[in-house]
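*Asks:* Dropping the structure in here first, questions after.
2 protein chains.
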Amino acid sequence: MQRTNFGEITCSIARTMDVIGEPWSPLVLRNVYVGINRFDQIQQNLGISRKVLAERLRWLVERNVLERREYAANRYEYALTERGTELVGVLMVMVAWGDKWLAGEAGPPALYRHHACGGIGHVTLTCSNCGGPMSATDIDVLPGPGLTAPAAEPAG
Amino acid sequence: MQRTNFGEITCSIARTMDVIGEPWSPLVLRNVYVGINRFDQIQQNLGISRKVLAERLRWLVERNVLERREYAANRYEYALTERGTELVGVLMVMVAWGDKWLAGEAGPPALYRHHACGGIGHVTLTCSNCGGPMSATDIDVLPGPGLTAPAAEPAG
DNA sequence: CTGTTACGGTTCCCTCAGGGAACTCAACGG
DNA sequence: CCGTTGAGTTCCCTGAGGGAACCGTAACAG
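Chains as they are written, first to last, in UniProt numbering: chain A, 1 to 156; chain B, 1 to 156.
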């Protein structure tokens, strides 16, 4: 096998990477999210090769992240499914990190306005259990039920 | 240019992808995070090509995501920097998504125990401004100060 | 009812990145 | 002094990404 098949690794990171880990996939999702959802629009906005874009779209549709809709005769557009919409959360965290560490003096290229409070903010991570802040330094990683291979460390 | 340089796209997703978007990078970070932090350990745990692993580690060290430490004469190990530790948050959200949509009946391969509350949970996204839940459907994306190109839509 | 666009891809070729295995070099361990 | 281990490097091969051209259908223009 040329490229390793991430979907077969027992690790939720690897499995998620199997879906959106190919180069361009997150940017394609972002574009669909903000309303740039037709083939030529996406291709021009990103400067992605048409060949690769076609592959990515097909892949994401197969994984039920996007759906393909005929909005006119032989004209198609793409939309996020529920799965896909939840994936945008991953992108939002990427943006928070990129804004903090890579945006430089120019500041972030995009801002988020939260409907609930009307304010501009970014996303923070909290615990589903207690609601408190949850970062990489606040947790222990333990083996879970889906861990099949007898790995020395829990795989993800 | 063969591979598109994501770092030059004015978008925090693209910039973050420039750092950890190459295949394997997130899994390498995850391994270092859980303590699998030496060359051969990582290589064997992931089954990654030694050549690619060497490239990824060099790249991540250059971007200040990892640091390379000599723990014995000519023996090196890798550790997350502050930047890198914050990146693990992105991985945690990937895990939450993968656990929900891809783990199947076997359940998640790993669990998180939150130090603060002692419970097993996953990460949820909240607004830095009001503390309320924040998902892709709860926000508007607006142009930010770092947006240079006159794009029709805010780039990220 | 014949051009001309526009959209949504597909096909082709070329180059470079990933995979795999072998090799290197330095430091132990006995 | 020899074998082993860690940490890479080098080599070749294949296949994925980039670029540009091409194709089929539909709507429109004249």
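We treat Cβ as the ideally placed atom computed from N, Cα and C, and that holds for glycine.
Everything numeric in this text was worked out from a predicted model, so none of it was measured.
Measuring alpha carbon to alpha carbon, tell me which residue in Met92(A), Leu142(A) and Ala106(A) is nearest Thr137(B).
*Replies:* The residue given as residue 137(B) occupies position 137 in the second sequence. The option with the nearest alpha carbon to Thr137(B) is Met92(A).
*Asks:* List the residues of chain B whose Cβ lies closer than 8 Å to the Cβ of Glu86(A), in chain order.
*Replies:* Within the first sequence, numbered from 1, the residue matching residue 86(A) stands at position 86. Within 8 Å Cβ-Cβ: Trp97, Lys100, Trp101, Ser135 and Ala136.
*Asks:* For Asn45(A) and Ala96(B), I'd like the C-alpha separation in whole angstroms.
*Replies:* In the first sequence, counting from the first residue as 1, residue 45(A) sits at position 45. In the second sequence, counting from the first residue as 1, residue 96(B) sits at position 96. Their Cα atoms are separated by approximately 30 Å.
*Asks:* Put Val65(A) into one of helix, strand or coil per three-state DSSP.
*Replies:* Along the first sequence, one-based indexing puts residue 65(A) at 65. Three-state DSSP puts Val65(A) in coil, outside helix and strand.
*Asks:* Nearest CA to the CA of Val123(B): which residue from Arg113(A), Gly132(A) and His122(A)?
*Replies:* Along the second sequence, one-based indexing puts residue 123(B) at 123. Considering only alpha carbons, the answer is Gly132(A).
*Asks:* Which residues of chain A have a Cβ atom closer than 8 Å to the Cβ of Arg69(B), listed in chain order?
*Replies:* If you number the second sequence from 1, residue 69(B) lands on position 69. Within 8 Å Cβ-Cβ: nothing; Arg69(B) doesn't reach chain A, min ~19 Å.
*Asks:* On a CA-only basis, which of Ala73(B), Gly119(B), Asp18(B) and Leu102(B) is nearest Thr10(A)? Give me that one, please.
*Replies:* Taking the first sequence and counting its residues from 1, one reaches residue 10(A) at position 10. Checking every option, the nearest Cα to that of Thr10(A) belongs to Leu102(B).
*Asks:* With 16 other CB atoms within 10 Å as the buried threshold, where does Leu111(A) fall?
*Replies:* Within the first sequence, residue 111(A) is the residue found at index 111, counting from 1. Burial call: buried.
*Asks:* Taking 9 Å as the CB-CB cut-off, is Tyr112(B) touching chain A?
*Replies:* Position 112 of the second sequence, counted from the first residue, corresponds to residue 112(B). Closer than 9 Å to some Cβ of chain A, the Cβ of Tyr112(B) qualifies, so yes.
*Asks:* For Tyr71(B), count neighbouring C-beta atoms within 10 Å of its own C-beta (all shown protein chains included) and say buried if the count is 16 or more, exposed if not.
*Replies:* Locating residue 71(B) in the second sequence gives position 71, where the first residue counts as 1. So Tyr71(B) counts as exposed.
*Asks:* With 9 Å set as the bound, which would you pick, yes or no: does the beta-carbon of Ile120(A) sit closer than that to a beta-carbon of chain B?
*Replies:* Residue numbering aside, residue 120(A) sits at position 120 when the first sequence is read from its first letter. So yes, Ile120(A) belongs to the interface.
*Asks:* Have a look at Gly7(A), Glu22(A), Arg30(A) and Gly144(A) and flag the residue whose alpha-carbon is nearest the alpha-carbon of Thr85(A).
*Replies:* Here residue 85(A) is taken as the residue at index 85 of the first sequence, counted from 1. That would be Arg30(A), whose Cα lies nearest to the Cα of Thr85(A).
*Asks:* Could you tell me the alpha carbon to alpha carbon distance between Ala155(A) and Pro109(B), rounded to whole angstroms?
*Replies:* For the purposes of this step, residue 155(A) is taken as residue 155 along the first sequence, with counting starting at 1. For the purposes of this step, residue 109(B) is taken as residue 109 along the second sequence, with counting starting at 1. Because the pLDDT of Ala155(A) is 42, which lies under 50, any placement of that residue in the model is unreliable, and the question is left without a value.
*Asks:* What do you get for Ser49(A), buried or exposed, if any count of 16 or more other CB atoms within 10 angstroms of its CB means buried?
*Replies:* Here residue 49(A) is taken as the residue at index 49 of the first sequence, counted from 1. The residue in question, Ser49(A), is exposed, as its Cβ has fewer than 16 Cβ neighbours within 10 Å.
*Asks:* Using a Cβ cut-off of 8 Å, pull out every chain B residue sitting near Val32(A), in sequence order please.
*Replies:* Along the first sequence, one-based indexing puts residue 32(A) at 32. Ordered by position in chain B, no residue passes the 8 Å Cβ test against Val32(A), which lies about 11 Å from the chain.
*Asks:* Nearest to Gly47(A) by alpha carbon, out of Arg63(A), Pro23(A), Gly118(A) and Ala79(A)?
*Replies:* For the purposes of this step, residue 47(A) is taken as residue 47 along the first sequence, with counting starting at 1. Nearest option by C-alpha distance: Pro23(A).
*Asks:* Could you give the distance in angstroms between the alpha-carbon of Gly98(A) and the alpha-carbon of Gly104(B)?
*Replies:* Against the first sequence, residue 98(A) aligns to sequence position 98. Against the second sequence, residue 104(B) aligns to sequence position 104. Cα to Cα, the separation comes out at about 32 Å.
*Asks:* DSSP beta-bridge partners for Cys127(A)?
*Replies:* Reading the first sequence from its first residue, position 127 is the one you call residue 127(A). BP columns for Cys127(A) point to Val123(B).
*Asks:* Cα-Cα, which of Glu82(A), Val28(A), Arg15(A) and Arg3(A) is closest to Ala14(B)?
*Replies:* As a first step, residue 14(B) is located in the second sequence; it is residue number 14 there, counting from the start. Minimum Cα distance to Ala14(B) is reached at Val28(A).
*Asks:* Buried or exposed: His114(B), going by 16 or more other Cβ atoms within 10 Å of its Cβ?
*Replies:* Here the question's residue 114(B) lines up with position 114 in the second sequence. The residue in question, His114(B), is buried, as its Cβ has 16 or more Cβ neighbours within 10 Å.
*Asks:* Under a Cβ-count criterion, where at least 16 other Cβ atoms within 10 Å of its own Cβ denotes burial, should Gly35(B) be classed as buried or exposed?
*Replies:* As a first step, residue 35(B) is located in the second sequence; it is residue number 35 there, counting from the start. Classification of Gly35(B): exposed, given that the 10 Å Cβ count is below 16.
*Asks:* Below 8 Å on C-beta distance, what does Val93(B) contact in chain A?
*Replies:* Along the second sequence, one-based indexing puts residue 93(B) at 93. Under the 8 Å cutoff, chain A gives Gly89, Val90, Val93 and Leu125.
*Asks:* If you draw a straight line from the C-alpha of Glu77(A) to the C-alpha of Arg69(A), how long is it?
*Replies:* On the first sequence, residue 77(A) is found 77 positions in, with the first residue counted as 1. On the first sequence, residue 69(A) is found 69 positions in, with the first residue counted as 1. Glu77(A) and Arg69(A): Cα-Cα distance of roughly 5 Å.
*Asks:* With respect to the alpha helix (DSSP H) encompassing Asp40(A), which residues constitute its N-terminal and C-terminal limits?
*Replies:* The residue given as residue 40(A) occupies position 40 in the first sequence. Taken as a continuous stretch (DSSP letters only), the alpha helix (DSSP H) holding Asp40(A) covers Phe39 to Leu46.
*Asks:* If the cut is a Cβ gap below 8 Å, which residues of chain B does Asp140(A) touch?
*Replies:* What you label residue 140(A) is simply residue 140 of the first sequence in a count that begins at 1. Here the neighbours are Tyr112, Arg113 and His115.
*Asks:* Leaving out five residues before and five after Arg56(A) in sequence, what residues of the same chain have Cβ atoms less than 7 Å from its Cβ?
*Replies:* As a working mapping, residue 56(A) is identified with position 56 in the first sequence. Within the same chain, Arg56(A) has close Cβ partners Glu22, Trp24, Ser25 and Val28.
*Asks:* Exposed or buried, Gly89(B), counting other C-beta atoms within 10 Å across all chains shown (16 or more means buried)?
*Replies:* Within the second sequence, numbered from 1, the residue matching residue 89(B) stands at position 89. The residue in question, Gly89(B), is buried, as its Cβ has 16 or more Cβ neighbours within 10 Å.
*Asks:* Assuming Thr16(B) and Met94(A) make a contact with CB atoms under 8 Å, what is their CB distance in whole Å?
*Replies:* Counting from one through the second sequence, the residue named residue 16(B) turns up at place 16. Counting from one through the first sequence, the residue named residue 94(A) turns up at place 94. Yes, Thr16(B) and Met94(A) are in contact; Cβ-Cβ is about 4 Å, under 8 Å.
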